[in-house]
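*Asks:*
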RNA sequence: GCGUUGUUGGUGAAGCGGUUAACACAACCGACUGUGACUCGGCCAUGCGUGGGUUCGAAUCCCACACAGCGCCCCA
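Residue numbers (my numbering): 101 to 526.
1) Since residue 364 is in the beta strand (DSSP E), which residue starts that stretch and which ends it?
2) For residue 183, is the classification buried or exposed, using 16 other Cβ atoms within 10 angstroms of its Cβ as the cut-off for buried?
3) With residue 176 as the anchor, note down where its beta strand (DSSP E) starts and where it stops.
4) Considering just the uninterrupted stretch of the alpha helix (DSSP H) at residue 182, what are its terminal residues?
5) Classify residue 459 as buried or exposed, calling it buried when 16 or more other Cβ atoms lie within 10 Å of its own Cβ.
6) With burial defined as no fewer than 16 other Cβ atoms inside 10 Å of the residue's Cβ, what is the status of residue 245: buried or exposed?
7) Indicate the three-state DSSP secondary structure (helix, strand or coil) for residue 327 in the structure shown.
8) Which one of 330, 512 and 381 has the shortest CA to CA distance from residue 258?
9) Identify the continuous alpha helix (DSSP H) that holds residue 149 and give its terminal residues.
10) Please report how far the alpha carbon of residue 526 lies from the alpha carbon of residue 128, in whole angstroms.
11) What residue range does the alpha helix (DSSP H) around residue 470 cover?
12) Which runs of the beta strand (DSSP E) at least 3 residues long sit entirely within the region 211-281? Give them in chain order.
13) Return helix, strand or coil for residue 194, following the three-state DSSP convention.
14) Taking all protein chains shown into account, do 16 or more other C-beta atoms lie within 10 angstroms of the C-beta of residue 181, making it buried, or fewer, making it exposed?
15) By Cβ distance below 7 Å, which residues in the same chain neighbour residue 419 in space, the five residues on each side in sequence not counted?
16) Starting from residue 445, trace the alpha helix (DSSP H) both ways and give me its first and last residue.
17) Using the rule of at least 16 other Cβ atoms within 10 Å of the residue's Cβ for burial, across every protein chain shown, is residue 339 buried or exposed?
18) Find out if the Cβ-Cβ distance for the pair residue 247, residue 383 is shorter than 9 Å.
19) Secondary structure at residue 138, three-state DSSP: helix, strand or coil?
20) To which residues of the same chain is residue 477 closer than 7 Å at the C-beta, ignoring the five residues directly before and after it?
21) Distance, Cα to Cα, residue 322 vs residue 112?
22) Straight-line CA distance for residue 406 to residue 228?
23) Which residues does DSSP pair with residue 456 in a beta bridge?
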């Protein structure tokens, strides 16, 4: 048997309904925030990710799906969404538009060659937001608020927002230098990974799970003390706007984020749900004022976040949240060949009148049809046989109350209108 | 990339070297050709992740691989 590639999954059945429900919420929510939809290719020139995500990051150095196309070009399946959106911003000169800030959102599959485990796949879906052309800390706060609002909308309770700041380039550099200086005498006592981190990205030593017990790490210099005035003010304002938006958060100096392009605000939202595995970060993001310049030599500030759909769905599942998925309004049971012929246009007519309608295609017996109607969770069952045809009536049974009545066929639509509530708008 | 556990019908599984792969649930058919429950009967893996090996004999033991779960690294 041919099986799915490692680290991928099929969507079908009840899960398919649920994920579509969440996708619809995302879409309508972004409409309300007045963000515009951006869709970029699933593969791009490999260099885009090398420059955008960072040559030395794990994502680029060992996790991309790389291939040469038939024209011998180096291509990669996108490992994340931001680089592609930035490329589009540059290529389409969106940064020159007058209606700044340019607020965009995207949704789609991403690819990373990793060992699959709880909440981690090789093909996974991310929803994300990127806002360009403004330095305003209000946008940092708005971007943080989007996932929080979304989680609340879906009924998710166990989430925790953690924020931190890395400051602007100057502050970050000063801090980095101070850290290197401070760690220098102790490097040899660090774990293997941290010895490498010391060279590549000393900030990450701070959230090492092994070494963070060491006194040296606990007493390390804090970024807060190295922020220049602009950076400090920016962070203060982000916090003010979060307070105005009534978002609970915790300042956590250990949040430094893996990607090279972040400046100022960085944040993560963690799931605090019993049974969640090691991958409990539901979403992450921050401000990246240097990224656009790194990719395209144009100075455009940006801020954004991305959330993993699989982790979101898992959190919903673990909190036992049932999403309202649409079920069948009417199940039509024709008895006999004549009734079947008669049902064909009737079913179509009902559908055109806005009802969700299904019927027996398999010539089941009556008993099996009632079972099938229950399986499909039909609200109403219509029975059509010789009697009904002769008298131009239908027998309609409410599958919840089990009440059964016979009504004239021309009154059917108005009867159903009265008795079936329109599915709620999101 | 490293470590670890696992893989038997549609589902939950038992079997742990001996010949029809148990049991239960579900599905389907019938008793019961216009009303769903219950009951009873029938039917449902020539097959035990894949490929090799050991053996008179393998779902069972050995090896390799694939996939899945969990953890590390990293990340959403």
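Ideal Cβ placement from N, Cα and C applies to all residues, glycine included.
*Replies:* On the basis of the data shown:
1) Numbered from 1 along the first chain, position 264 holds the residue referred to as residue 364. Segment 363-371, the beta strand (DSSP E) holding residue 364.
2) In the first chain, counting from the first residue as 1, residue 183 sits at position 83. Result: buried.
3) In the first chain, residue 176 corresponds to position 76, counting from 1. That run of the beta strand (DSSP E) goes 174-177.
4) Taking the first chain and counting its residues from 1, one reaches residue 182 at position 82. Run containing residue 182: 182-191, per the alpha helix (DSSP H) assignment.
5) Here residue 459 refers to the residue found at position 359 when the first chain is read from its first residue. That one is buried.
6) The count along the first chain starts at 1 and reaches residue 245 at position 145. Residue 245 is buried by the Cβ-count criterion.
7) Working through the first chain from its first residue, we reach residue 327 at position 227. It is coil, neither helix nor strand.
8) Counting from one through the first chain, the residue named residue 258 turns up at place 158. Comparing Cα-Cα distances from residue 258 to each of 330, 512 and 381, the minimum goes to 381.
9) The residue you call residue 149 lines up with position 49 of the first chain. Note, residue 149: alpha helix (DSSP H), 146-153.
10) The residue labelled residue 526 in the question sits at position 426 within the first chain. The residue labelled residue 128 in the question sits at position 28 within the first chain. For residue 526, the predicted model reports a pLDDT of 39, less than 50, meaning its position is unreliable and no value from the coordinates is stated.
11) Along the first chain, read from residue 1 onward, the residue named residue 470 stands at position 370. Counting along the chain, the alpha helix (DSSP H) containing residue 470 begins and ends at 466-475.
12) 223-232 and 259-265
13) In the first chain, residue 194 corresponds to position 94, counting from 1. Reduced to three states, the DSSP call for residue 194 is helix.
14) Numbered from 1 along the first chain, position 81 holds the residue referred to as residue 181. It counts as buried.
15) Within the first chain, numbered from 1, the residue matching residue 419 stands at position 319. Excluding residues within five positions, the ones whose Cβ falls inside 7 Å are 256, 257, 258 and 373.
16) Within the first chain, residue 445 is the residue found at index 345, counting from 1. Residues 437-452.
17) Within the first chain, residue 339 is the residue found at index 239, counting from 1. Answer is buried; the Cβ neighbour count reaches 16.
18) Position 147 of the first chain holds residue 247. Position 283 of the first chain holds residue 383. The answer is yes: Cβ separation under 9 Å.
19) Looking up residue 138 in the first chain gives position 38. If DSSP states are grouped into helix, strand and coil, residue 138 belongs with coil.
20) Taking the first residue of the first chain as 1, we reach residue 477 at position 377. These residues qualify, in order along the chain: 427 and 428.
21) Position 222 of the first chain, counted from the first residue, corresponds to residue 322. Position 12 of the first chain, counted from the first residue, corresponds to residue 112. Distance between the alpha carbons of residue 322 and residue 112: 48 Å.
22) Taking the first chain and counting its residues from 1, one reaches residue 406 at position 306. Taking the first chain and counting its residues from 1, one reaches residue 228 at position 128. So the two alpha carbons sit approximately 4 Å from each other.
23) The residue labelled residue 456 in the question sits at position 356 within the first chain. Residue 456 is not bridged to any residue.
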